[in-house]
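Notes for the one structure printed next.
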Amino acid sequence: MSVETIEKRSTSRKLAPRYRVLLHNDDYNSMEHVVQSLIVTIPSLTQPQAVSIMMEAHTNGLALVITCALEHAEFYCETLKSHGLSSTIEPDE
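Residue numbering for the sequence shown is 3 to 95, as defined by our numbering.
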């Protein structure tokens, strides 16, 4: 009787890269419109969170909205743009 060694393959999964959705300040949209657009676009955001994101963009010129997978980030970015807001995505490092 012989003993055979079975090689186990690694089954660890790599996490999908994450992307940041950024909101840029603009001089065109009202603060109320920005807050409402954020809440409609990202349903998990509460009103206080949306107000905080809007104020950060207003004060600093740029705010982090959400970090997520690429497909979601692209969707959120395009939806914010469809509401007249300025938004971009970048890789989360």
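A virtual CB, placed ideally from N, CA and C, is assigned to each residue, including glycine.
Just so it is clear, the structure is predicted and the values come from calculations on it, not from any experiment.
Can you tell me the Cβ-Cβ gap for L24 and E92, rounded? I've got them flagged as a contact below 8 Å. 7 Å
Please report the residue range of the alpha helix (DSSP H) in which A59 lies. 49 to 62
Enumerated in chain order, which unbroken segments of the alpha helix (DSSP H) with a length of 4 residues or greater are wholly contained in the region 64 to 88? 72 to 84
Going by beta-carbon coordinates alone, are A71 and A18 separated by less than 7 Å? yes
Would you be able to state if there are at least three C-beta pairs under 8 Å between the region 27 to 43 and the region 55 to 62? yes
Of the residues Y30, L66, S32, H60, which one's Cα is nearest the Cα of L47? L66
To the nearest angstrom, how far is the alpha carbon of E80 from that of I44? 12 Å
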